[in-house]
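Numbering (full-length UniProt numbering), first residue to last: 1 to 364. Glycine included, each C-beta is placed from N, C-alpha and C at the ideal position. Please read these numbers as outputs of a predicted model, since none were measured by experiment. Below: the structure, in structure tokens.
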Ligand SMILES: Nc1ncnc2c1ncn2[C@@H]1O[C@H](COP(=O)(O)OP(=O)(O)OP(=O)(O)O)[C@@H](O)[C@H]1O
Ligand SMILES: [Mg+2]
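Shown next as structure tokens:
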């Protein structure tokens, strides 16, 4: 039997795609900072679910490592600060002696037992001291440290401790880069917190929807990467169904590919069938999570938009919800920041997540 071609699409969270659609700016800005061995790059990636934050962090981490940086990739969960120390030691093990010897003799049982940072602050100094020790040794080797933090969550105390300690690293002229990624409302709250003045100077990259030509190019290149081709008609159809959404690009491509994996061309029929399956998967994997994060008032706001096919005016919303303009403004802001809705120049609202309107309608 003929061996099927390999499917080059990557519809998994956090997977680095075969080709990044768009994102040139962020890639070139951050990569050149690594190449130039910049001392204090601080960048924020902001965008809704499935827009490619984790994929970018992973890719840039790999590239930094290739350029000689030591890289600590962590998520903003409890134990993050300890994780940064351990990931740094792990990534720098070829340069510096780690504390593993100490751990084996039981001096540092905390490290082994996974004991975490103490919120009362006693070990905050310790954390900074330990990091300084590591950074001193990296500095002697002329190597910089990149810390990436995914799923930024301001409710985590360790988050603000990381940021405030990072400011000290910068002041002490240590070569430490900090790149953080999160959903818009988490990043907004981070920027609204006590570290605001410092973070306002961070480079902020909004990972918005992809332009049609960006989707088109990446889709075609990915198909070719797998050793097949796609004609213009099928490509146009794919671009339309993907609607600028990176995760959809991968889901649709993956499903369409599997229709006839041994054919030389992906056809319009393959794309249509793939789009249908992809839409269902998108609902399971993105919409359910997004919906669960919405408040009751958010949901009522969206339900009141469903009857309009394209856009909803503020006046209609006020009427349907029986609420004043201030209420609309508050919830509009929340929903725009979560990437669920967008606002036109005329001040009308629309669903920004492709297919989410139908999803909400289906739940009503
Ligand atoms: N620019 C891009 N071009 C093509 N595919 C992409 C791009 N960015 C991300 N992807 C793909 O989209 C999917 C989602 O990416 P990723 O998991 O990084 O999103 P995310 O923003 O971290 O989502 P979440 O907020 O749910 O964690 C992955 O399958 C990834 O390969
Ligand atoms: Mg992610």
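For residue 220, the enclosing alpha helix (DSSP H) starts and ends at 212-225. For the pair of segments examined, the region 206-222 was found to touch the region 20-31: the number of CB pairs separated by less than 8 Å reaches three. Bounds of any beta strand (DSSP E) do not take in residue 255; it lies within the alpha helix (DSSP H) bounded by 246-259. Taking a cut-off of 8 Å for Cβ pairs, the region 177-197 and the region 340-353 do not touch, as fewer than three such pairs fall below it. Annotation: the continuous beta strand (DSSP E) that includes residue 180 extends over 176-182.
If you draw a straight line from the Cα of residue 152 to the Cα of residue 65, it comes to about 22 Å. Relative to the Cα of residue 278, the nearest Cα in the group 293, 256 and 299 belongs to 256. In the three-state reduction of the DSSP assignment, residue 75 falls in the strand class, which pools E and B.
The beta-carbon separation of residue 210 and residue 246, rounded to 6 Å, stays under the 8 Å limit for a contact. A distance of 9 Å or more separates the beta carbons of residue 74 and residue 157. According to DSSP, residue 312 shares a beta bridge with 349. In this structure, the beta-carbon distance from residue 181 to residue 148 falls below 9 Å. Under the three-state reduction of DSSP, residue 307 is assigned to coil, being neither helix nor strand.
Rounded to the nearest whole angstrom, the C-alpha separation of residue 251 and residue 274 is 8 Å. When beta bridges are read from the DSSP output, residue 51 appears opposite no residue. If you draw a straight line from the Cα of residue 37 to the Cα of residue 61, it comes to about 14 Å. Within 8 Å of the C-beta of residue 181 there is at least one heavy atom belonging to ligand 1. Listed in chain order, the non-local C-beta contacts of residue 342 below 6 Å within the same chain comprise 350 and 352, local neighbours out to five positions each way being set aside. In terms of Cβ geometry, residue 34 and residue 227 do not form a close pair [threshold 9 Å].
Annotation for residue 245 indicates a beta carbon at 8 Å or more from all heavy atoms of ligand 2. Straight through space, the alpha carbons of residue 43 and residue 184 are spaced by roughly 14 Å. In the pairwise beta carbon analysis, the region 139-146 is classified as not touching the region 24-31: fewer than three pairs are separated by under 8 Å. When DSSP reads this structure, residue 149 sits in a beta bridge with 74 and 180.
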